[in-house]
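Number of protein chains: 2
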Amino acid sequence: MALRVGVVGGGQLARMMIGPAVELGVELRVLAEEPGMSAALAATAVGDYRDADTVLAFARDVDVLTFDHEHVPQDVLAALLEAGVAVHPGPGALAVAQDKLVMRTRMAELGMPQPDWAAVTDAEELQAFLDDHGGRAVVKTPRGGYDGKGVRVVSAATEADDWFAALAEDARGGALLVEELVDFSRELAQQVARRPSGEVAVYPVVETVQRDGVCAEVLAPAPHGSERLRAVAADIGVAIAEGLAVTGMLAVELFETTDERLLVNELAMRPHNSGHWTQDGAVTSQFEQHLRAVLDLPLGRPEPTAAWSVMVNVLGGPAEQPLDARFAAAMADQPDAKVHTYGKAPRPGRKVGHINVSGDDLDDVAYRARAAASFFQD
Amino acid sequence: MALRVGVVGGGQLARMMIGPAVELGVELRVLAEEPGMSAALAATAVGDYRDADTVLAFARDVDVLTFDHEHVPQDVLAALLEAGVAVHPGPGALAVAQDKLVMRTRMAELGMPQPDWAAVTDAEELQAFLDDHGGRAVVKTPRGGYDGKGVRVVSAATEADDWFAALAEDARGGALLVEELVDFSRELAQQVARRPSGEVAVYPVVETVQRDGVCAEVLAPAPHGSERLRAVAADIGVAIAEGLAVTGMLAVELFETTDERLLVNELAMRPHNSGHWTQDGAVTSQFEQHLRAVLDLPLGRPEPTAAWSVMVNVLGGPAEQPLDARFAAAMADQPDAKVHTYGKAPRPGRKVGHINVSGDDLDDVAYRARAAASFFQD
Chain W
1 MALRVGVVGG
11 GQLARMMIGP
21 AVELGVELRV
31 LAEEPGMSAA
41 LAATAVGDYR
51 DADTVLAFAR
61 DVDVLTFDHE
71 HVPQDVLAAL
81 LEAGVAVHPG
91 PGALAVAQDK
101 LVMRTRMAEL
111 GMPQPDWAAV
121 TDAEELQAFL
131 DDHGGRAVVK
141 TPRGGYDGKG
151 VRVVSAATEA
161 DDWFAALAED
171 ARGGALLVEE
181 LVDFSRELAQ
191 QVARRPSGEV
201 AVYPVVETVQ
211 RDGVCAEVLA
221 PAPHGSERLR
231 AVAADIGVAI
241 AEGLAVTGML
251 AVELFETTDE
261 RLLVNELAMR
271 PHNSGHWTQD
281 GAVTSQFEQH
291 LRAVLDLPLG
301 RPEPTAAWSV
311 MVNVLGGPAE
321 QPLDARFAAA
331 MADQPDAKVH
341 TYGKAPRPGR
351 KVGHINVSGD
361 DLDDVAYRAR
371 AAASFFQD
Chain Y
1 MALRVGVVGG
11 GQLARMMIGP
21 AVELGVELRV
31 LAEEPGMSAA
41 LAATAVGDYR
51 DADTVLAFAR
61 DVDVLTFDHE
71 HVPQDVLAAL
81 LEAGVAVHPG
91 PGALAVAQDK
101 LVMRTRMAEL
111 GMPQPDWAAV
121 TDAEELQAFL
131 DDHGGRAVVK
141 TPRGGYDGKG
151 VRVVSAATEA
161 DDWFAALAED
171 ARGGALLVEE
181 LVDFSRELAQ
191 QVARRPSGEV
201 AVYPVVETVQ
211 RDGVCAEVLA
221 PAPHGSERLR
231 AVAADIGVAI
241 AEGLAVTGML
251 AVELFETTDE
261 RLLVNELAMR
271 PHNSGHWTQD
281 GAVTSQFEQH
291 LRAVLDLPLG
301 RPEPTAAWSV
311 MVNVLGGPAE
321 QPLDARFAAA
331 MADQPDAKVH
341 TYGKAPRPGR
351 KVGHINVSGD
361 DLDDVAYRAR
371 AAASFFQD
């Protein structure tokens, strides 16, 4: 009988587990939010992941439960554990990914390098932080904040008045997170896989290029990375994976500062956009690795198979232009390009797929990946 | 709307199209022979591929029809064309893969190098061939003959008496195929993809190692292959693909003789065991390429991504030993090994999966692939 992995969430991350699951002989079962989602092929249930009964019923027929996203509420996770379900990553690790204040607190406890930060409950506390940090800072709502939402650069405490007002009305109380505005030269991401029995596999640190607050492309490994940089990034990734007992894939988003320090920016406890290059550029893709890790199977080698890989996200253009013709044009122009699609209707700015290209020369690889992706831009 | 490819047959070749179809955004629909087959995840119908109504009903909801095997009868194929279904490869090409006498005749017409052969209808004709070829020859039933069945080495015409008797009772009449026993040094396979509009993509020729009449492993590219050998093999592959107007993947099994000639042994018009290495060792896997080709999309680059790739078939051991534990042991021992499973219950001698390993050193790559596979031997 095949091992059965249940995935809560029917998005593109669950979709991209389908191929590796088929090859590994793993039966993938997906609890999708609605019909017709990216991972519809593997969907065995449709329902609300915030409803404990729905998730418990879904979990009854799987050996391990994992996630397409980190949004399953803690009370649902607790009910799963109570019912004896193997949940990976576990509630303790997920809690850190669900709340940026918890994350900053835990990073501090683990001694991880990170921007100066504070929990602020009113404008006065925020102003004090601003005064101490050159008059500008980043304010974040601890929960939510996906893809640039819930994040605001402020230079006066009054600019967060609406969020403080919302806090005051929130029965759970709480605080906002304020962080120093880091003078970074670029953004990096470090991925680590960890299985419950402890084995870890460390991917090379990569450079992530953001445009309009969204990941636009990934260069793997990070160019101009010194031996020291790679080792420090790997150490941070392993320390967090072990310190939080993460099971499955972990992505640590990092700032590289102009004075050559690495600071922890965000965490994701699942396959991550920064690791899509591994589908075509590493011995073991992050999607296969995640399945192996949550099943507590021996991990695969994370090493790259080419000197360089570049991933370029494909953002949807106007909905009236079908993707098919664009893909054909991209394929004709770049026969090396690996096209990955998410089965989503195109909409301006929406990630609908990505392109991977690997090879010996970074400039050439990046050129070809961008050329293939350009067929999707308007 | 996604492009829809229908696959007749629910075996492992259809199964291995699932991952590439998901990534390309192609909707794969499979007509399986029965429930629970290798490609069950993509099965949208279960039925008999020899029944025209069944196949026609299945074909109604797809853009292109293709195959997991070459056994769909010509009358069913004709009914599909009549109904306006796009069938790739087409009936004319499939006819050559379905009948070894037709194949030998067409190869002769195309001027392809092949063993001496004859169509023989009785023992007298067979004896004449034996007398002309050193007293031994290979006799084959033109239809069937998969994996060593329907093939017999004889040194006296009487050894085929039962087949001649069966022929005499067959209303369709016909003949047996007799071929000279080729003094070959090894077996090779050349894969070519061709799309309806004419573009071809040529994979490097590989060495296939048979054990007990079944493919045991594949070394890619073929070691010790001279520039000339590779070019001749490629030319043969392209000439056959174009000469027969094959659409999709074509595999040409070749004998390399001790006097350094290449002779056509068999043809397969679908993804083929000799190309499983491409899943992890080529820019474009044969499964993705087959989908692109039958959809008449631009073909992907067929070049290897590593110096060497070795594929070792996994044959099922006793049914009472579950595969899961074996896979875990293989993964732990060989973290580079790419494990591919077919979702089949293990049975002695049954192909239930394969292992791919790629790298710089052939001996090392072959050692690791065999080591991983050894966990499945008894």
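Just so you know, the protein sequences line up as chains W and Y, in that order. Residues in the first sequence are numbered consecutively from 1, following full-length UniProt numbering. Residues in the second sequence are numbered consecutively from 1, following full-length UniProt numbering. No residue lacks a Cβ here, since even glycine has one placed at the ideal position from N, Cα and C. From a predicted model like this one, the values you see are computed outputs, not experimental measurements.
message: Taking the beta carbon of residue 169/Y as the centre, do at least 16 other beta carbons fall within 10 Å, making it buried, or is it exposed?
response: exposed
message: If the cut-off is 8 angstroms on Cβ atoms, which residues from the stretch 299-311 of chain Y count as contacting chain W, listed in chain order?
response: Across the stretch 299-311 of chain Y, CB contacts with chain W closer than 8 angstroms involve 299, 300, 301, 305 and 306, in sequence order along the chain.
field: Beta-carbon gap between residue 255/W and residue 154/W smaller than 8 angstroms
entry: no
- prompt: Taking the alpha carbon of residue 139/Y as the point to measure from, which residue in 131/Y, 152/Y, 130/Y and 129/Y has its own alpha carbon closest?
  reply: 152/Y
Inter-residue spacing [alpha-carbon to alpha-carbon] between residue 53/W and residue 43/W: 18 angstroms
- request: Determine the extent of the alpha helix (DSSP H) in which residue 129/Y is found, giving its start and end residues.
  value: 123-132
Segment limits, alpha helix (DSSP H) that includes residue 374/W: 362-374
query: According to DSSP, what are the bridge partners of residue 217/Y?
result: Residue 217/Y is bridged to 209/Y and 312/Y.
Residue-level contact to chain Y via CB, residue 324/W, 8 angstroms cutoff: yes
message: By the DSSP assignment, the beta strand (DSSP E) with residue 172/Y in it spans what residues?
response: Residue 172/Y -> no beta strand (DSSP E), and no H or E assigned at all.
Proximal residues, the stretch 19-35 of chain Y versus chain W, C-beta separation under 8 angstroms: In summary, the residues of the stretch 19-35 of chain Y whose CB is separated from some CB of chain W by less than 8 angstroms are 19, 20, 22, 23, 24 and 25, in the order they occur in the chain.
- prompt: Going by Cα to Cα distance, which pick from 329/Y, 360/Y and 79/Y is closest to residue 376/Y?
  reply: That would be 329/Y, whose Cα lies nearest to the Cα of residue 376/Y.
task: Return the first residue and the last residue of the beta strand (DSSP E) that residue 194/W is part of.
output: 184-194
message: Measuring CB atoms only, is the stretch 8-18 of chain Y touching the stretch 34-49 of chain Y, in the sense that at least three cross pairs come out at less than 8 angstroms?
response: In this structure the stretch 8-18 of chain Y lies against the stretch 34-49 of chain Y, because at least three pairs of beta carbons, one per stretch, are closer than 8 angstroms.
task: Determine the extent of the beta strand (DSSP E) in which residue 341/Y is found, giving its start and end residues.
output: 338-341
query: Quick one: what's got a C-beta closer than 8 angstroms to residue 117/Y's C-beta in the same chain, skipping five residues either side?
result: Same-chain partners within the cutoff: 104, 177, 178, 179 and 180.
- prompt: Taking 8 angstroms as the CB-CB limit, is residue 10/W close to chain Y?
  reply: no
- request: State yes or no: is the beta carbon of residue 63/W nearer than 8 angstroms to at least one beta carbon in chain Y?
  value: Not an interface residue.
message: Which residues in chain Y have a C-beta closer than 9 angstroms to the C-beta of residue 290/W? List them in chain order.
response: Going along chain Y, no residue has its Cβ under 9 angstroms from residue 290/W, so there is no contact; the nearest lies around 14 angstroms.
query: Can you find a CB in chain B that lies within less than 8 angstroms of the CB of residue 332/Y?
result: Of the protein chains in this structure, namely W and Y, none is chain B.
- prompt: chain W partners of residue 228/Y, CB-CB under 8 angstroms?
  reply: Under the 8 angstroms cutoff, chain W gives no residues; its nearest Cβ is about 26 angstroms from residue 228/Y.
- prompt: Where in the stretch 51-116 of chain W do unbroken runs of the alpha helix (DSSP H), each at least 4 residues long, occur, reported from the N-terminal end onward?
  reply: Runs of the alpha helix (DSSP H) inside the stretch 51-116 of chain W: 52-59, 74-82, 91-98 and 100-109.
- prompt: For the candidate residues 206/W, 199/W and 198/W, whose alpha-carbon lies nearest to that of residue 186/W?
  reply: 206/W
- prompt: Do residue 196/W and residue 296/W have their CB atoms nearer than 8 angstroms?
  reply: With contacts defined by Cβ atoms closer than 8 angstroms, residue 196/W and residue 296/W form a contacting pair.
message: Between which residues of its own chain and residue 127/W is the CB-CB distance below 6 angstroms, once the five residues before and five after are set aside?
response: 157
message: I'd like the span of the alpha helix (DSSP H) that includes residue 17/Y, first residue to last.
response: 12-24
message: Taking 8 angstroms as the threshold (C-beta atoms), are residue 332/Y and residue 298/W in contact?
response: yes
query: Among the residues of its own chain, which have a CB less than 6 angstroms from the CB of residue 121/W, if the five just before and after it don't count?
result: 175
Pick from 355/Y, 349/Y and 345/Y that is closest to residue 334/Y, judged by C-alpha positions: 355/Y
message: Only counting the same chain, and skipping five residues up and downstream in sequence, which positions put a Cβ closer than 6 angstroms to that of residue 340/Y?
response: Correct list, in chain order: 353 and 354.
task: Compare the C-beta of residue 276/Y against all C-beta atoms of chain W and say whether one is closer than 8 angstroms.
output: no
message: Counting only Cβ-Cβ distances shorter than 7 angstroms, please list the residues of the stretch 332-356 of chain W near chain Y, keeping chain order.
response: 332, 335, 336, 339, 340, 341 and 343
message: Using 8 angstroms as the threshold, is the C-beta distance between residue 306/Y and residue 358/Y below it?
response: yes
message: Whole angstroms are fine: how far does the CA of residue 336/W sit from the CA of residue 135/W?
response: 48 angstroms
- prompt: Candidates 259/W, 280/W and 342/W: which alpha carbon is nearest residue 315/W's?
  reply: 342/W
field: Within-8 angstroms CB hit, residue 2/W to chain Y
entry: yes
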